[in-house]
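Residues in the sequence shown are numbered from 157 upward in steps of one, following the working numbering.
Note that the Cβ used here is the ideal one computed from N, Cα and C, for glycine as well.
Just so we're clear, the structure is a prediction, and the values are computed from it rather than from any experiment.
Here the structure is laid out as C-alpha cells; the discussion comes afterwards.
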Amino acid sequence: MGSKVSGAGDLSDVKGTTRSPGQPEEDPAMATVGMSDLSDEILLCILRYVPVCDLLANVAPVCQRLQTLCRDKSLLAHVCLTEEYTMNEETFRHALRQLSSHVRSLSLNGVYWLSGGALDAAGRCKAVARLDVSGWRLTAPRLSRLVASLPLLRSLAFDVRPGFDAAKLAGEAVDGLSRLAELRQTLLTPSYGVVPCCAQLRKLMLQFDIADVTREGFGVSCHLMVGQSSVPHYEQLEEFSARLAPGEVNQTLLLLYLAVFSVHVPERLRVFLVSVPGPNPARWPAAPSLARSLGLRGDLEALQLPRSWLDPSSLKRALEGNSPKHLSFSRCPALWPQVFESLLEGGVRDASRLLSLNLSGVNHAPYSECRGADDQLLPDNVSRLASRCVGLRHLNLMHTHYHHDERDDHALPPAPPHLCTSLARLRHLRSLALPACALSDGVQSHLGAARDSSLAAPLRGLKKLPRVGVQNYKVGSETGTQGESTCGIGQLASGCLSLETLELIGPGFVSALPRLEPCARASVEPRGMCAWARGVGDAHLAALGGFRRLRRLTLAGLPGVLRGTGLARLAARCEDLRALSLANIGTLKIMNYNAALLEALRNCSQLRELRLEQPYLNANRSFFDALSRCSRLQRFCLISRNGSLEAAAAESFVERCGRLVVCHVFTGGTLAACRDLQKTLLDRFSSQRPGLSAVVYPIQHEDLPSVIRDIPLALLDGTTLFQSHVAQPSRMSPW
Numbered sequence: 157m158g159s160k161v162s163g164a165g166d167l168s169d170v171k172g173t174t175r176s177p178g179q180p181e182e183d184p185a186m187a188t189v190g191m192s193d194l195s196d197e198i199l200l201c202i203l204r205y206v207p208v209c210d211l212l213a214n215v216a217p218v219c220q221r222l223q224t225l226c227r228d229k230s231l232l233a234h235v236c237l238t239e240e241y242t243m244n245e246e247t248f249r250h251a252l253r254q255l256s257s258h259v260r261s262l263s264l265n266g267v268y269w270l271s272g273g274a275l276d277a278a279g280r281c282k283a284v285a286r287l288d289v290s291g292w293r294l295t296a297p298r299l300s301r302l303v304a305s306l307p308l309l310r311s312l313a314f315d316v317r318p319g320f321d322a323a324k325l326a327g328e329a330v331d332g333l334s335r336l337a338e339l340r341q342t343l344l345t346p347s348y349g350v351v352p353c354c355a356q357l358r359k360l361m362l363q364f365d366i367a368d369v370t371r372e373g374f375g376v377s378c379h380l381m382v383g384q385s386s387v388p389h390y391e392q393l394e395e396f397s398a399r400l401a402p403g404e405v406n407q408t409l410l411l412l413y414l415a416v417f418s419v420h421v422p423e424r425l426r427v428f429l430v431s432v433p434g435p436n437p438a439r440w441p442a443a444p445s446l447a448r449s450l451g452l453r454g455d456l457e458a459l460q461l462p463r464s465w466l467d468p469s470s471l472k473r474a475l476e477g478n479s480p481k482h483l484s485f486s487r488c489p490a491l492w493p494q495v496f497e498s499l500l501e502g503g504v505r506d507a508s509r510l511l512s513l514n515l516s517g518v519n520h521a522p523y524s525e526c527r528g529a530d531d532q533l534l535p536d537n538v539s540r541l542a543s544r545c546v547g548l549r550h551l552n553l554m555h556t557h558y559h560h561d562e563r564d565d566h567a568l569p570p571a572p573p574h575l576c577t578s579l580a581r582l583r584h585l586r587s588l589a590l591p592a593c594a595l596s597d598g599v600q601s602h603l604g605a606a607r608d609s610s611l612a613a614p615l616r617g618l619k620k621l622p623r624v625g626v627q628n629y630k631v632g633s634e635t636g637t638q639g640e641s642t643c644g645i646g647q648l649a650s651g652c653l654s655l656e657t658l659e660l661i662g663p664g665f666v667s668a669l670p671r672l673e674p675c676a677r678a679s680v681e682p683r684g685m686c687a688w689a690r691g692v693g694d695a696h697l698a699a700l701g702g703f704r705r706l707r708r709l710t711l712a713g714l715p716g717v718l719r720g721t722g723l724a725r726l727a728a729r730c731e732d733l734r735a736l737s738l739a740n741i742g743t744l745k746i747m748n749y750n751a752a753l754l755e756a757l758r759n760c761s762q763l764r765e766l767r768l769e770q771p772y773l774n775a776n777r778s779f780f781d782a783l784s785r786c787s788r789l790q791r792f793c794l795i796s797r798n799g800s801l802e803a804a805a806a807e808s809f810v811e812r813c814g815r816l817v818v819c820h821v822f823t824g825g826t827l828a829a830c831r832d833l834q835k836t837l838l839d840r841f842s843s844q845r846p847g848l849s850a851v852v853y854p855i856q857h858e859d860l861p862s863v864i865r866d867i868p869l870a871l872l873d874g875t876t877l878f879q880s881h882v883a884q885p886s887r888m889s890p891w
C-alpha cells in the first residue's frame, strides 16, 4: 500500500514505499506502525487532543474512517471553544453548523473577540442542555432568542451587563428559564439578572464584579427591591456560591440575594461558598441560623464564609456530623483553630472525604521576631491532618507563617518534624500554596549565631556587623549554608509525587495588580518579610526541580534569591512546566537574576503562560530573544513599575511567537510610546490572530483602572491580575 492519502477510502498506510515482488520481506521488528494499524479506540484517544475546529475542518475530510470517528459522541457531546483563539466568525459559524445535532454541552466562555451577532449560530444546536456564554455582550432580546431556540436547556452561564433589562425577555424565553436547574451569572451592574424567572434552580453561582464608581466618576448605587430576587424560588436550591470583587456595591447586592436565608434556609442546601475580599466584610445576621441548619442534615459538601459571619461555636455546629469535600476559611484567623479541632478531634464524621482545604491568611498578628507559637502553623497539626484527611488534593496555606525550630542543644527535647515532612504524607496532593518561610530550615539558629558574634566582638564600634537578612552575593554561595537547608523540599518532593501546581509566596508579598486579595495590604509585615523567608534562596529554587510533574509554578516575594541560578536549574528539570509566575524575586532595586531568567526561558519549551512582575525589569532585545524560544507561549504579562521596554524587540517577539494571543505590558514608559506599540501590535497581527488581546499602558497612569476594566474577565482572572489558583471557589465548582 502506498503512502498517498485517499479522500474516499480507508486511512492510508504510512509505513513507507511499496515493496516490489522480488524484494525480501521486511523484518517485522523493524516495521513501523501506521495510522491504519491503530484501533478506533486508540484513534479516538488521540483525536481528543485536537481542537474541535481543526477536527471538523481539517481532519474529518481526510477519509471516510476519520470522518466517522470525528463525529463520535465522545468527541462532540461536550465541546469547549474557550481557547480557540485563531477562530474567526466564519469558522465559528461553520463549526456550530456541523455540531448542531451532536453537542450536548457547549462552552463559549471567554470568546471575547467575536461579535454578539455570531452567538445566534448557537441557537442551531437544538440538543444543547448546558450552555456557557460568559464574556459575551448579551441584550435581553438576544438572550430571549437564544433560550427560546434551545428547548432542552437546563444549565446557563452568562454576563449581566449595564443596560440588561429582564423585563424585555420574551414569554417563550421566560418559560425556558423557568426550567433551568443551574444558573451562573457574572454581574457587572447591580441587577438580579434572570433569577426571578428561574423557579426550579438547584445550583446558583454568582460572580460580582461591579465597580463602585462609573467611568464618568459617579458613584454606583444599588437600589433594588428585596422581593424582586424571587425569594420563593430558592426552595429547591442545593448549591449556592458567590465570589466578590472588592467594593461596597458588591457586598450590598450579595446581601440582597441572601435575604431569603434570613427567613428560611433551603432544606436541600449542601454547598454554600461565599468569598468576600477585604478585612471588614459586612455582617450577615442569618449566618448562625445557616450553620445550625447545615449541621442538622449531615449532608454538607462545601463551605466557605467570610471572617465576620461565624464564630467558632457556630462553625462547630455546622461541621459536626458532616463529611465535607471542600472547606475554605481564607482570612479567618478566629476560625482556623476550630477547623483543626473539628477535623482532628472527630467533629467531622469522615475527614477522609475532604479534597480541598484553604486556610490562607490565618495569621492575624503582625510579624515580629518574638512571634508566639500560637500564631504559627504547627507541624503536629499538619501531621495529624495528613493522617485524617488522606484524600486531600488541594491545600492553601498562603499568607501564613511557619518557623522551623532547629535545636543544636542536646539538653533540650528534640525539635518537632519539619512542616514539609508532615505535608509529604499527603500522597494525593495535586496543588499546594505555601509561605516562603515554610521552606527555610535553621535560619533562626544562623541569625542567633550572627547576633552572638556581634555582641562578643572586642572592637564593636569599628567592625562591620554581620548583615541580617539578604546576604551579599559571593561566588559559590549558592551551595553554602542555603544548600544545607533544602531537606524539607526533598522530603516534600519524594512524598507528593502527583503535585502539579505549587505556589511559594512570601508572607508580606503584595502585588502591584492584585485581584481578590486587597486585605493583604492591611496585613503586610512592618518590614515586608520575616527573617525566615529571607533565608529562601537559589538552592531552594534548584531543589524545587524535584517536582518532576510540575505544570504551574508561582514564586513571589523571595528577597533571598541572589543570582537566580536555582531558577535555571529548576526550568531544566521541570520539562513539562506550562505556567510560570515570577514576582518580586531578589532585591527590588536591581534586577539581579536577569541572566538566570534568560537561561531558564530558553529551557521552557512547553511554556504556555508567563507572568513577570519586577520593579526594574529591562525588557530589551536579549530578553525578548530568550522569550521567543518559548514557541508554545500563548499568554504573556509583564508588570514593571520602573522598567524599560524596547518596542522593536517586543514587536519582533510577537511576530516570532505565532501562538501568542495575550500580550499585556504595564511599565514605566510614556503614554504615547505605549499607545504606539499597542496600535502597532493590533494592526499587524489581529488579522492572523482574531483573539489577540494586546494592552500596553503605563502602570502609574491615573486611567489604569479603566484600562483594566476593559480587559476580558477571563484574561484578568487567568493571567493579568495576581491571585492564588489553589483551593479557590472557582476551582471547587467547575462548570
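Point to revise | Closest by C-alpha distance to residue 951, when choosing among 556, 738, 226, 824 | key: Summary: the structure shown does not reach residue 951, with the chain confined to residues 157 through 891, and so no result is reported for it.
Check your understanding: With a CB to CB cut of under 7 Å and the five nearest residues on each side skipped, what residues in its chain are close to residue 785?
Key -> 757, 758
Exercise for review: Let me know if residue 877 comes out buried or exposed under the rule of 16 or more other beta-carbons within 10 Å of its beta-carbon.
Suggested key: buried
Review point. Are there 16 or more other CB atoms within 10 angstroms of the CB of residue 201, so buried, or fewer, so exposed?
Key: exposed
Review point. What is the rounded straight-line gap between the Cα of residue 667 and the Cα of residue 736?
Key: 15 Å
Review point. Between residue 595 and residue 724, what straight-line distance do the alpha-carbon atoms span, to the nearest angstrom?
Key: 19 Å
Exercise for review: Rounded to whole angstroms, what's the CA-CA distance from residue 718 to residue 754? Just pull it up for me.
Suggested key: 15 Å
Point to revise | Residues near residue 812 in its chain [Cβ-Cβ closer than 6 Å; skip 5 each side] | key: 784
Review point. In whole angstroms, what separates the C-alpha of residue 246 from that of residue 295?
Key: 22 Å
Point to revise | Which listed residue (370, 197, 274, 858) has its alpha carbon closest to that of residue 252 | key: 274
Practice item. State yes or no: is the C-beta of residue 340 within less than 8 Å of the C-beta of residue 304? Key: no
Point to revise | Secondary structure, alpha helix (DSSP H): runs of 4+ residues fully inside the region 233-297 | key: 245-255
Practice item. Taking only the alpha-carbon atoms, compute the straight-line gap between residue 881 and residue 586 and give it to the nearest angstrom. Key: 12 Å
Exercise for review: Let me know if residue 433 comes out buried or exposed under the rule of 16 or more other beta-carbons within 10 Å of its beta-carbon.
Suggested key: buried
Review point. Is the Cβ-Cβ distance between residue 418 and residue 438 less than 8 Å?
Key: no
Review point. Is residue 852 closer than 8 Å to residue 830 when the C-beta atoms are compared?
Key: yes
Check your understanding: Who are the Cβ neighbours of residue 633 in its own chain at under 6 Å, not counting the five residues just before and after it?
Key -> Any reading at residue 633 needs caution, since the residue's pLDDT is 46, under 50, leaving its predicted position unreliable; the model's value is listed next. Excluding positions up to five away in sequence, the list is empty.
Review point. Given a threshold of 16 other Cβ atoms within 10 Å of its Cβ, counted over all protein chains shown, does residue 390 qualify as buried or as exposed?
Key: buried
Point to revise | Distance CB(residue 806)-CB(residue 768) smaller than 8 Å | key: no
Point to revise | residue 818 versus residue 363 - alpha carbon distance | key: 23 Å
Point to revise | Beta-carbon gap between residue 353 and residue 323 smaller than 8 Å | key: no
Review point. For residue 491 versus residue 466, is the C-beta spacing smaller than 8 Å?
Key: yes
Review point. Between the C-alpha atoms of residue 887 and residue 514, what's the straight-line distance to the nearest angstrom?
Key: Per-residue confidence for residue 887 stands at a pLDDT of 49, beneath the threshold of 50, marking its modelled position as unreliable; no derived number is given.
**Study point:** Per-residue DSSP class, three states only, for residue 692
**Key:** coil
Exercise for review: Please list, in chain order, all residues of the same chain as residue 216 whose beta carbon is under 8 Å from its beta carbon, the five residues on each side excluded.
Suggested key: 222, 223, 226, 227
Practice item. List the residues that DSSP assigns as beta-bridge partners of residue 739. Key: 712, 769
Review point. Is the number of C-beta pairs between the region 652-664 and the region 707-715 that are closer than 8 Å three or more?
Key: yes
**Study point:** Which of helix, strand or coil DSSP assigns to residue 657
**Key:** strand
Practice item. Assign residue 320 to one of two classes, buried (16 or more other C-beta atoms within 10 Å of its C-beta) or exposed (fewer than that). Key: buried
Exercise for review: Would you mind giving the Cβ-Cβ distance between residue 365 and residue 380, rounded to the nearest angstrom? I have them listed as a contact below 8 Å.
Suggested key: With a Cβ gap of about 17 Å, residue 365 and residue 380 do not count as contacting.
**Study point:** Closest by C-alpha distance to residue 850, when choosing among 836, 860, 551, 315
**Key:** 836
Exercise for review: Could you please give the first and the last residue of the uninterrupted alpha helix (DSSP H) stretch that includes residue 729?
Suggested key: 721-729
Exercise for review: Starting from residue 578, trace the alpha helix (DSSP H) both ways and give me its first and last residue.
Suggested key: 575-579
Check your understanding: Which two residues bound the contiguous alpha helix (DSSP H) that contains residue 223?
Key -> 220-225
**Study point:** Cβ shell of residue 318 (< 8 Å), same chain only, five flanking positions each side left out
**Key:** 344, 345
Practice item. Return the first residue and the last residue of the beta strand (DSSP E) that residue 430 is part of. Key: 427-431
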